[in-house]
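Inspection log for the structure reproduced underneath, given as structure tokens.
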Amino acid sequence: MGRNPYIDDPKANLPKRKYKITFIDEQQKEHVVEVDPEKIPYDGHGEPGSLLEIALGHEVEIDHACGGVCGCATCHVVVKEGLDTCSEPTEFEEDQLDAAYDLTDQSRLACQCIPDGEQDLRVVIPAWNRNAARE
271 MGRNPYIDDP
281 KANLPKRKYK
291 ITFIDEQQKE
301 HVVEVDPEKI
311 PYDGHGEPGS
321 LLEIALGHEV
331 EIDHACGGVC
341 GCATCHVVVK
351 EGLDTCSEPT
361 EFEEDQLDAA
371 YDLTDQSRLA
381 CQCIPDGEQD
391 LRVVIPAWNR
401 NAARE
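Quick note: the sequence shown, position 21, residue 291 per my numbering, numbers continuous.
What follows is the structure in structure tokens.
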């Protein structure tokens with residue numbers, strides 16, 4: 271929990287209005303959450319307003335072995351809709367993503383990806399991303 275003092279913070283615009291994120295888990299179950307900008311930060315894991323923080327704040331599990339400080343790639347997600355409304359990845363996030371399994375053009379680290387709320391998002395949490403030792 272917290273921030274990584276060795277990397278630059280992502281440059282992001284926090285949302286000004288409510289919006290929705292649909293998280294699709296490893297069993298293809300959809301979890302629709304409403305993001306209220308007045309309640310950010312939700313959980314304290316990942317950057318304030320990040321997909322990880324929002325998911326955990328709404329009891330949607332995303333593995334994050336490093337505690338959400340961009341120190342690994344376990345929170346790798348695929349943003350299927352709304353990616354263009356998210357903060358740009360930092361160079362450090364891109365370096366961490368290089369270690370992620372099954373990388374796509376829509377891959378992001380949930381701890382670093384911060385939507386601006388201008389449109390709803392659909393985010394896939396890959397099945398292989400689960401920490402089997404914790405199950």
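Glycine residues also receive a C-beta, built at the ideal position from the N, C-alpha and C atoms. Keep in mind the model is a prediction, meaning the values are calculated, not measured.
Would you list the one or two residues that DSSP bridges to I291?
V303, L391
The segment 372 to 380 touching the segment 345 to 359, judged by at least three CB pairs closer than 8 Å
yes
Do you know how far the Cα of I395 is from the Cα of Q297?
In this structure, the CA atom of Q297 is about 9 Å from the CA atom of I395.
Can you give, in chain order, each stretch of the beta strand (DSSP E) that sits fully within the segment 291 to 375 and has at least 3 residues?
300 to 305, 346 to 351
Please classify G314 as buried or exposed, where buried requires at least 16 other C-beta atoms within 10 Å of its C-beta.
exposed
Since L391 and I291 are thought to touch, with beta carbons under 8 Å apart, how far apart are those beta carbons, to the nearest angstrom?
Indeed they touch by this definition, with Cβ atoms about 5 Å apart.
In the DSSP assignment, what residue or residues form a beta bridge with L379?
L379 pairs with H346.
Inter-residue spacing [alpha-carbon to alpha-carbon] between H301 and E323:
15 Å
What does the Cβ neighbour count give for P307, buried or exposed, with the cut at 16 atoms within 10 Å?
exposed
Assuming S357 and C340 make a contact with CB atoms under 8 Å, what is their CB distance in whole Å?
The pair is not a contact, with the Cβ atoms about 12 Å apart (cut-off 8 Å).
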